[in-house]
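Working notes for the structure below.
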Amino acid sequence: MTMTKSTNTLGTEAQMDAAGKSLTEAVVSVISAVCRVQAELSAPQPDVNGAGEKIIGIVSLMGDMDMTVFLGIPPATAVVFAAKFAGFAVPFESPDMADAVGELTNMIAGDLKIRLDRCRIKVNISIPTVFRGQDLIATTPSWELINELCFKTEYGHFTAGLCAKKKKP
Amino acid sequence: MNVNALVIDDSGIMRKLVMKSLGETRLAVFTFQEAKDGLEALALFKAGKFDMLFCDWNMPNMNGLDLIKRIRYELKSKVPIVMITTEGTMDKLEEALNTGQVDSYIVKPFTAEGVGNKIAPLLQKMSELKKNPPSVFARLAAKVK
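In order, the protein sequences belong to chains F and C. Per the numbering used here, the very first residue in the first sequence carries number 200; after that it's consecutive. Per the numbering used here, the very first residue in the second sequence carries number 126; after that it's consecutive.
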């Protein structure tokens with residue numbers, strides 16, 4: 200994949216706001232279209248945003264602003280989302296689960312790219328990375344976390360977020 | 126109509142979904158081979174005979190665009206290629222569509238009905254070509270062109 204990188208890879212306040220808002224819209228839109236599940240923003244949940252087992256998909260966006268998008272789903276919710284996405288049962292420990300969460304994250308990043316484009320923020324997206332673990336906290340040294348959002352669905356909560364380096368005022 | 130299709134995607138679940146959706150269209154009897162990136166697909170393509178390719182865009186090792194360029198310009202193949210893409214790569218896809226490198230595309234997430242609508246015209250064209258293959262003169266003229 201060809202990546203074009205401008206010199207302005209740090210986010211301004213306006214870009215950060217646009218990215219955070221666009222991410223919420225992208226998550227709701229993709230989860231609704233792919234999993235046929237209505238998601239809405241909710242208050243952070245200790246067992247979703249903090250401790251607990253999760254599978255996490257990550258996609259990098261590079262260009263006018265460098266960012267990382269992640270999607271974190273607890274096992275019970277992930278199994279329902281993957282089954283609705285694939286049309287067949289997907290066990291949490293199977294490689295298909297990693298593929299499903301990777302694809303969901305990829306689609307969210309693709310949707311986010313279009314929305315950012317409308318805000319005149321041009322980015323290219325990487326291929327997704329997926330990992331699974333216990334008590335995973337979204338944090339990256341020297342990168343400022345814009346937002347870790349929590350979403351509520353009838354099948355449980357999940358988290359999505361965006362990390363970007365903030366431009367100094 | 127029998128169609129030997131090559132499905133290329135780094136995601137195993139997406140390959141399964143593409144094959145499932147194609148089967149559900151009932152537009153043809155599909156047999157499939159799978160590749161997880163462009164390099165693997167290129168090796169399979171050189172070794173086999175395929176009627177249609179379904180190719181993801183974003184893949185490791187060799188992405189979809191590089192693969193179709195190799196197939197079109199190096200191997201000089203006119204095999205119908207359907208790109209599988211997300212909204213995020215539609216801008217790059219348009220160029221490939223306009224230059225004839227790609228015959229059609231499917232945007233993720235997709236349904237069997239949506240896939241059917243996209244491939245029906247390609248299958249129709251393939252069927253007509255099988256019934257009325259171009260004359261030697263027409264093939265030569267196309268080659269010269």
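We put the CB at the ideal spot given by N, CA and C, even for glycine. Keep in mind that this is a model prediction, so the values were computed, not measured.
Could you say which of the options lies nearest to residue i if we only look at CA atoms?
i, options, result
"LYS161 of chain C", "C:GLY148, C:ARG151, C:LEU131, C:VAL154", "C:LEU131"
"LEU169 of chain C", "C:ILE209, C:LEU222, C:ILE133, C:GLN249", "C:ILE133"
"SER229 of chain C", "C:THR236, C:PHE235, C:LEU247", "C:LEU247"
"GLN158 of chain C", "C:THR150, C:VAL204, C:ARG151, C:LYS174", "C:LYS174"
"VAL236 of chain F", "F:ASP310, F:GLY309, F:GLU347, F:LYS283", "F:LYS283"
"PRO327 of chain F", "F:LEU311, F:LEU303, F:LEU335", "F:LEU303"
"ASN323 of chain F", "C:VAL227, C:ARG151, C:ILE193, C:TRP182", "C:TRP182"
"ILE307 of chain F", "F:ALA217, F:ILE230, F:GLY262", "F:ILE230"
"ASP176 of chain C", "C:VAL128, C:GLU238, C:ASN223", "C:VAL128"
"ALA221 of chain C", "C:LYS141, C:GLU238, C:ILE206, C:PRO234", "C:ILE206"
"GLU224 of chain F", "F:LYS312, F:ILE254, F:PRO274", "F:LYS312"
"LEU192 of chain C", "C:ASN223, C:VAL227, C:THR156", "C:VAL227"
"GLU165 of chain C", "C:LYS201, C:MET208, C:PRO185, C:PHE262", "C:PRO185"
"THR150 of chain C", "C:SER260, C:ARG197, C:THR236", "C:THR236"
"VAL232 of chain C", "C:GLU238, C:MET208, C:ASN188, C:ILE244", "C:MET208"
"ALA277 of chain F", "F:ASP265, F:ALA285, F:ILE254, F:ASP263", "F:ILE254"
"MET126 of chain C", "C:ALA245, C:ALA172, C:ASN223, C:GLU219", "C:ALA245"
"LYS141 of chain C", "F:VAL227, F:GLN214, F:ALA299", "F:ALA299"
"VAL176 of chain F", "F:LEU270, F:LYS220, F:ALA285, F:LYS321", "Lying before the first or after the last residue shown, residue 176 of chain F is absent from chain F, which here runs from 200 to 368."
"THR210 of chain C", "F:GLY309, F:LYS364, F:ALA275, F:GLY360", "F:GLY309"
"GLU157 of chain F", "F:GLN244, F:ALA213, F:ALA232", "Within the shown structure, residues of chain F are numbered from 200 to 368, placing residue 157 of chain F beyond reach of any answer."
"LYS243 of chain C", "C:GLY137, C:LEU200, C:ILE138, C:LEU152", "C:LEU152"
"VAL226 of chain F", "F:ILE272, F:GLY332, F:ASP295", "F:ILE272"
"THR264 of chain F", "F:THR352, F:GLU212, F:ALA232", "First, the amino acid is wrong: residue 264 of chain F is Met here, not Thr. Considering only alpha carbons, the answer is F:GLU212."
"ALA363 of chain F", "F:GLY355, F:MET266, F:GLU252", "F:MET266"
"GLU219 of chain C", "C:ALA266, C:LEU190, C:PRO234, C:GLU238", "C:LEU190"
"GLY355 of chain F", "F:PRO274, F:ASN305, F:GLY332, F:ARG331", "F:PRO274"
"SER325 of chain F", "F:GLN214, F:VAL268, F:ASP216, F:ALA232", "F:VAL268"
In this structure, does DSSP put residue i in helix, strand or coil?
i, result
"ALA363 of chain F", "strand"
"LYS204 of chain F", "Confidence in LYS204 of chain F is poor, its pLDDT being 35 and thus under 50, which makes the residue's placement unreliable; the coordinate value appears in the next sentence. Here LYS204 of chain F sits in coil by DSSP."
"ARG151 of chain C", "coil"
"TYR230 of chain C", "strand"
"ARG331 of chain F", "strand"
"ASN257 of chain C", "coil"
"CYS234 of chain F", "helix"
"ALA130 of chain C", "strand"
"GLN158 of chain C", "strand"
"LYS250 of chain C", "helix"
"PHE350 of chain F", "strand"
"GLU220 of chain C", "helix"
"PHE269 of chain F", "strand"
"GLY241 of chain C", "helix"
"ILE206 of chain C", "strand"
"SER241 of chain F", "strand"
"GLY225 of chain C", "coil"
"THR320 of chain F", "Before going on, a small fix: residue 320 of chain F reads as Ile here, not Thr. Coil at ILE320 of chain F, not helix or strand."
"THR236 of chain C", "coil"
"THR223 of chain F", "helix"
"ALA218 of chain F", "helix"
Kindly give me the distance between the Cβ atoms of residue i and residue j, rounded to whole angstroms, as I take these residues to be in contact under 8 Å.
i, j, result
"VAL240 of chain C", "LEU178 of chain C", "14 Å between Cβ atoms; not a contact."
"PHE357 of chain F", "GLU239 of chain F", "Between GLU239 of chain F and PHE357 of chain F the Cβ distance is about 12 Å, and since that is not below 8 Å, they are no contact."
"CYS234 of chain F", "PHE287 of chain F", "CYS234 of chain F to PHE287 of chain F, Cβ: 14 Å. No contact."
"ASP334 of chain F", "ALA242 of chain F", "Not quite, the Cβ-Cβ distance comes to about 20 Å (not below 8 Å), so this is no contact."
"LEU361 of chain F", "GLY219 of chain F", "6 Å"
"LEU167 of chain C", "ARG197 of chain C", "With a Cβ gap of about 12 Å, LEU167 of chain C and ARG197 of chain C do not count as contacting."
"CYS318 of chain F", "SER221 of chain F", "7 Å"
Can you check the stretch 161-189 of chain C for any beta strand (DSSP E) of at least 3 residues that lies completely inside it and give the ranges in chain order?
-> 177-181
Spell out a yes or no on whether the stretch 245-256 of chain C and the stretch 213-227 of chain C are touching, meaning 3 or more CB-CB pairs, one atom from each, closer than 8 Å.
-> no
Touch check for the stretch 280-295 of chain F and the stretch 258-266 of chain F: three-plus C-beta pairs under 8 Å?
-> no
Mind pulling the alpha helix (DSSP H) runs of 4 or more residues that sit fully within the stretch 245-312 of chain F?
-> 245-248, 274-285
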